[in-house]
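Scroll down for the structure; my scribbles are underneath it.
Written as structure tokens, this is what we have:
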């Protein structure tokens with residue numbers, strides 16, 4: 005029989021990418037029935053705990069596995085397990101004690117403790133598969149936005165984009181923004197960049213289309229604030245370049261990015277300028293699949309009889 009998986013979403017695309025990535029990886033190992041649910045308010049969760057009811061899942065079969073990414077999913081998942089049973093798999097380091105969850109899948113940069121219920125990962129999980137057959141001369145530029153880690157500069161990013169596109173005229177470029185990208189960023193690129201390229205606006209394009217571009221593109225440039233996009237690009241097998249932005253301060257994110265640079269996994273804009281070439285991607289990341297195998301080994305994916 006299929007395993008019933010309840011996947012809770014807080015509506016943030018980065019968190020959905022992680023939980024969907026794990027669900028897809030689990031599907032490759034066992035048969036599952038996936039049910040996607042929104043998170044509930046704290047007030048409703050507390051009320052449901054008192055009444056021992058879980059209205060949003062009343063028409064669904066009891067979950068075998070409950071999955072969610074992001075702090076906002078925690079209380080809803082705990083409420084669901086208390087009332088409807090199942091095992092909780094939380095993605096990213098939870099704000100609540102780790103022992104409240106059956107499995108915690110935590111990126112290495114969050115310094116996860118060595119516990120039996122903790123699985124450490126290289127970067128956040130995603131749904132991007134490794135592609136051995138990239139489209140030659142297909143390039144993608146992924147633009148993030150202001151963050152707590154880097155000093156954002158529209159002008160600086162636009163200048164770097166212009167130089168990259170002008171240098172690599174043989175590449176068919178696509179530029180995509182994100183929900184954090186300042187509204188005046190794309191017009192600035194349009195006015196400063198003379199070469200032809202395609203714009204894919206995040207607000208107008210399905211997320212699936214951008215994922216397909218990441219999967220297909222041989223060369224991908226990413227702003228350093230966009231950690232999830234960096235790891236999605238690396239997971240796809242692309243050559244990955246990193247735009248230059250100054251660090252605001254040393255954080256776990258900047259340390260992680262600097263480690264990728266020092267390990268020659270990605271190429272900074274400054275290094276690229278010396279040879280006009282990106283370093284080979286020597287990582288073959290498939291962390292979602294690896295985590296699914298660990299879950300199977302731990303007995304969480306045993307099919308029902």
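Residue numbers (this note's numbering): 5 to 309. Even glycine gets a Cβ: it sits at the ideal position worked out from N, Cα and C.
Taking just the CA atoms, how far does residue 189 sit from residue 127? 27 Å
Can you list the beta strand (DSSP E) stretches of 3 or more residues lying completely in the segment 82-159, in chain order? DSSP runs (the beta strand (DSSP E)) wholly in the segment 82-159: 91-95, 107-111, 122-125 and 139-146.
Provide the residue(s) that pair with residue 183 in DSSP beta bridges, ordered along the chain. The partner list for residue 183 (beta bridge, DSSP) is empty, contrary to what the question assumes.
Counting C-beta neighbours from all protein chains within 10 Å, is the total for residue 221 16 or more, i.e. buried, or is it exposed? buried
Within 10 Å of its beta-carbon, does residue 117 have 16 or more other beta-carbons around it, so buried, or fewer, so exposed? When all chains shown are included, residue 117 counts as exposed.
Could you give the residue range of the beta strand (DSSP E) that holds residue 72? 69-73
What number of angstroms, rounded off, separates the C-alpha of residue 115 from the C-alpha of residue 95? CA-CA distance, residue 115 to residue 95, rounds to 14 Å.
Are at least three pairs of beta-carbons, each pair with one atom in the segment 177-193 and one in the segment 271-286, less than 8 Å apart? no
Buried versus exposed call for residue 137 [16 or more other C-beta atoms within 10 Å across all chains shown]: So residue 137 ends up on the exposed side.
With a threshold of 7 Å on Cβ separation, who are the neighbours of residue 21 within its own chain once the five nearest residues in sequence on each side are excluded? 130, 131 and 232
Would you check if the distance between the CB atom of residue 153 and the CB atom of residue 251 is smaller than 8 Å? yes
Nearest to residue 32 by alpha carbon, out of 119, 296 and 79? When each option's Cα is compared against that of residue 32, the closest is 296.
Determine the extent of the beta strand (DSSP E) in which residue 243 is found, giving its start and end residues. 243-246
Starting from residue 20 and walking both ways along the alpha helix (DSSP H), at which residues does that stretch end? 17-31
Mark residue 13 as exposed unless 16 or more other C-beta atoms lie within 10 angstroms of its C-beta, in which case mark it buried. buried
On the CB-based measure, 16 or more other CB atoms within 10 Å of its CB, does residue 63 come out buried or exposed? exposed
Identify whether residue 13 lies in helix, strand or coil by the three-state DSSP scheme. Residue state for residue 13 is assigned as strand, using DSSP reduced to three classes.
Can you tell which of 45, 235 and 61 has its C-alpha closest to the C-alpha of residue 18? 235
Residue environment, residue 239, which counts as buried when at least 16 other CB atoms sit within 10 Å: Residue 239 is buried by the Cβ-count criterion.
How far does the beta strand (DSSP E) with residue 221 in it reach, from first residue to last? 221-226
Would you report the Cα separation of residue 5 and residue 299, rounded to the nearest angstrom? 18 Å
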